[in-house]
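Numbering (my numbering), first residue to last: 10 to 86.
Just below is one structure, and these are the notes that go with it.
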């Protein structure tokens, strides 16, 4: 579910987060309610999404931003 740029996933472990992306910048956060696990990733480059997928994937965490399209002209709503 998406609303006000917040992502909510009601899977086996409810989680929520937000992703922001502009040219030369990427930021993402995610928190799992039941386990209390979470992450914050900030990147000052255009490869932030790839870095996040690598780091988060290594830890087995959910990647809700994976299915979102790349930012057009460096900006995402």
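Each residue gets a CB set at the ideal place from its N, CA and C atoms; glycine is no exception.
Residue of the options minimising C-alpha distance to residue i
i: residue 47; options: 54, 55, 37 and 53; result: 37
i: residue 50; options: 59, 32, 17 and 24; result: 59
i: residue 54; options: 32, 44 and 39; result: 32
CB of residue i within 8 Å of CB of residue j, strictly
i: residue 35; j: residue 66; result: no
i: residue 16; j: residue 26; result: yes
i: residue 44; j: residue 18; result: no
Rounded C-alpha distance that separates residue i from residue j
i: residue 39; j: residue 24; result: 7 Å
i: residue 64; j: residue 52; result: 12 Å
i: residue 62; j: residue 20; result: 19 Å
Residues sharing a beta bridge with residue i, DSSP
i: residue 37; result: 28 and 50
i: residue 18; result: 24
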